[in-house]
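Residue 153 in the UniProt record's numbering sits at position 153 of the sequence shown, with consecutive numbering throughout. Every residue gets a Cβ at the ideal spot worked out from N, C-alpha and C, and that includes glycine. In this text, all values refer to a predicted model and were calculated from it rather than measured experimentally. Here the structure is laid out as structure tokens; the discussion comes afterwards.
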Amino acid sequence: MSDMARGFITSIERFKPHTFQAEQGEGLFMSHSHEHDELTLILGGEGYYSAHDQNIKVSEGDLILIPSGLHHGFVCTEPWTGLSVHFLYAKVPAYCQYLFLNAYQKPHRLWSARLDADDRSWAEMSLSRLERGWHSEETSDNSYDLMRIAFETVLLLFHRNVVVAQDAELSSDKRIVQEVLKEIHRNYNTPITIHEIASRHYLSESMLRKKFSEAVGVSPKQYVINLRIEEAKRLLRQTGKAIEFISSEVGFTSSSRFYEQFVKSVGVTPLEWRKQHQDK
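This is how it looks when you write it as structure tokens:
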């Protein structure tokens, strides 16, 4: 698959079974950092991941999220196998971005989730589908969409296994904003209105706008527009889909409205932007 179609993925690697003997002392931990983000599924064996004051024991079925730039180490105590996806957070599709929001509010730490047998099987199948797409020479838009769906599936499995512990720490206002963000990222490509979202949370539109703007920095309406533009940019760069199709896919009701908002936000037309960035 071409670099353009791979989009947000930088590499996919499988562990080779290995272990280290205790007499190696501090050499047990293979410490490093990297510019990309990492999501790793442990398929077998046991070991530890460490970062700062964290030391997390991991075994079969665990998913580990490692933000870019985080200096971390690992050690295998029982020969293990696993599958790691290295990706660029800034390039992931829109709904995937929401699934990372909680983790990236506190980027200087490791995150892990323990999957049960069914979820572990589902995650492994999805990562294997992603891996096949990565190695495939096929460059159609369908192959890109299959990779996106596979990645999104793994993130959903990760997200639902860590979200309860994280949400317990949220205040009422923050929890509302989190739910609104979730709703926006899930439905940004539909004709949603801020009035409808506010009503579902038993708030006036002005009150929701105030809470959201204080927490996020922009109004809910502008956040939706920004999200649609960013997703359009990803599709322009990573696929060969027609501009009119992209306009509809990201939620604009007309091509003229899409062109107007794109030029206002980016400074050039969608076609000009695609020519400038598609091969990068």
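Asked, Found
"Determine the burial state of Lys233: buried for a count of at least 16 other Cβ atoms within 10 Å of its Cβ, exposed for fewer.", "buried"
"Less than 8 angstroms between C-beta atoms, sequence neighbours within five positions excluded: which residues of the same chain meet that for Ala165?", "At Ala165, the pLDDT of 43 sits below 50, so the modelled position is not reliable and the matter cannot be decided from this model."
"Gly47 and Thr77 look like a contact to me (Cβ under 8 angstroms); what is the Cβ gap, rounded to whole Å?", "5 angstroms"
"Relative to the C-alpha of Tyr223, which candidate in Gln261, Thr239, Leu236 has its C-alpha closest?", "Gln261"
"Quick check: Glu152 and Cys96, are their CB atoms within less than 7 angstroms of each other?", "yes"
"Under 7 angstroms between the Cβ atoms of Ala123 and Val154?", "yes"
"Beta carbon of His185: closer than 6 angstroms to some heavy atom of the ligand MN?", "For the ligand MN, the structure offers nothing, since it holds no ligand at all."
"Looking at C-alpha atoms only, which residue of Gln54, Ser11, Tyr98 is the closest neighbour of Glu183?", "Tyr98"
"Give every residue of the same chain whose Cβ lies closer than 6 angstroms to the Cβ of Ala198, excluding the five residues on either side of it in the sequence, and list them in chain order.", "Glu205, Leu208"
"Alpha carbons only, please: which of Ala113, Leu88, Ser31 is nearest the one belonging to Leu65?", "Ala113"
"Give the DSSP bridge partners of Val58, in chain order.", "Gly47"
"Hey, Val180 and Phe212 are a contact pair by Cβ (cut 8 angstroms); roughly how many whole angstroms apart?", "6 angstroms"
"Taking the alpha-carbon positions, what's the His52 to Phe252 distance?", "44 angstroms"
"Specify, as a first and last residue, the run of the alpha helix (DSSP H) that Val75 falls within.", "No alpha helix (DSSP H) holds Val75; the beta strand (DSSP E) holding it covers 73-87."
"Return helix, strand or coil for Glu38, following the three-state DSSP convention.", "strand"
"Buried or exposed for Tyr202, please, with buried defined as at least 16 other CB atoms from any protein chain shown within 10 angstroms of its CB.", "exposed"
"Using C-beta distances below 8 angstroms, list every residue in its chain close to His195, excluding the 5 sequence neighbours before and after it, in chain order.", "Glu205"
"How about His86 and His36: are their beta carbons less than 7 angstroms apart?", "yes"
"Just to confirm my understanding: we take Lys57, look at its own chain, exclude 5 residues before and 5 after, and list those with CB closer than 6 angstroms. What are they?", "Tyr48"
"So, Ile229 versus Ser254, is the Cβ gap smaller than 7 angstroms?", "no"
"Between Ala150 and Arg129, is the Cβ-Cβ spacing less than 7 angstroms?", "yes"
"Report the rounded CA-to-CA distance for Gln238 versus Thr40, giving the unit in angstroms.", "24 angstroms"
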